[in-house]
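Going by the UniProt record's numbering, the first residue of the sequence shown is number 1, and it counts up by one from there.
Data first, discussion second: the structure below is written as structure tokens.
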Amino acid sequence: MHHPLPVQMNRINLSQDVFEMCMKRVVQGTRDRNTPVVNFKTPEELKELVDFDLTTDGNHQEDLLSLCEKVFDYSALSGHPRFFNQQYGGLDSYGVAGSFITDVINA
Numbered sequence: 001m002h003h004p005l006p007v008q009m010n011r012i013n014l015s016q017d018v019f020e021m022c023m024k025r026v027v028q029g030t031r032d033r034n035t036p037v038v039n040f041k042t043p044e045e046l047k048e049l050v051d052f053d054l055t056t057d058g059n060h061q062e063d064l065l066s067l068c069e070k071v072f073d074y075s076a077l078s079g080h081p082r083f084f085n086q087q088y089g090g091l092d093s094y095g096v097a098g099s100f101i102t103d104v105i106n107a
């Protein structure tokens with residue numbers, strides 16, 4: 001499907017903004033041992049903090065970015081040096097790079 005240029009540019013900008021958010025919040029953020037591994041909230045608390053309603057007319061890009069920020073705010077940082085799990089731990093930069101490439105190619 002071909003989209004007009006403003007729509008294409010908005011999608012590119014959104015992708016860039018989300019990529020930068022990933023780099024800042026996860027790749028760089030997990031190196032700081034003072035950053036908490038998780039900012040735990042109960043499901044009831046999350047319902048108050050995050051708007052889970054689906055609208056019929058969609059969301060603006062700023063709303064999507066705000067939602068992405070909240071996902072990072074309340075998710076466990078499995079790449080954090082103080083995240084301990086028997087299956088995995090730590091951030092694998094090569095794996096992150098490969099995942100980005102795979103996701104972009106298959107999007």
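Even for Gly, the Cβ is constructed at its ideal location relative to N, Cα and C.
This structure is a prediction, so every number in the text was calculated from the model and none was measured.
First and last residue of the uninterrupted alpha helix (DSSP H) at residue i
| i | result |
| --- | --- |
| A97 | 93-105 |
Candidates the options, of which the one nearest residue i by Cα
| i | options | result |
| --- | --- | --- |
| V71 | R11, N13, F40, D103 | F40 |
| H80 | T42, Q86, V37 | V37 |
| R31 | L67, Q86, P43, S78 | S78 |
| M23 | L91, N106, I105 | L91 |
| S99 | L14, N13, F19, E62 | F19 |
| V96 | P43, Q28, R11, D17 | Q28 |
| T35 | Y74, Y94, A107 | Y74 |
| D53 | E62, T42, L67 | L67 |
| N13 | K47, Q61, E48 | Q61 |
Contacts around residue i, its chain only, beta-carbon distance under 6 Å, and the 5 residues preceding and following it disregarded
| i | result |
| --- | --- |
| D103 | none |
| D50 | Asp is not the amino acid found at residue 50; the sequence shown has Val there. Excluding positions up to five away in sequence, the list reads K70. |
| I105 | none |
| R25 | F72 |
8 Å CB neighbourhood of residue i in its chain, flanking five on each side removed
| i | result |
| --- | --- |
| A76 | V37, V38, F83 |
| V85 | Reading off the sequence shown, one finds Asn at residue 85, where the question assumed Val. Excluding sequence neighbours, N85 sits near S78. |
**Study point:** Runs of alpha helix (DSSP H) wholly within the region 21-87 (minimum 4 residues, chain order)
**Key:** DSSP assignment within the region 21-87 yields the following whole alpha helix (DSSP H) runs of 4 residues or more, N-terminal first: 43-49, 61-73.
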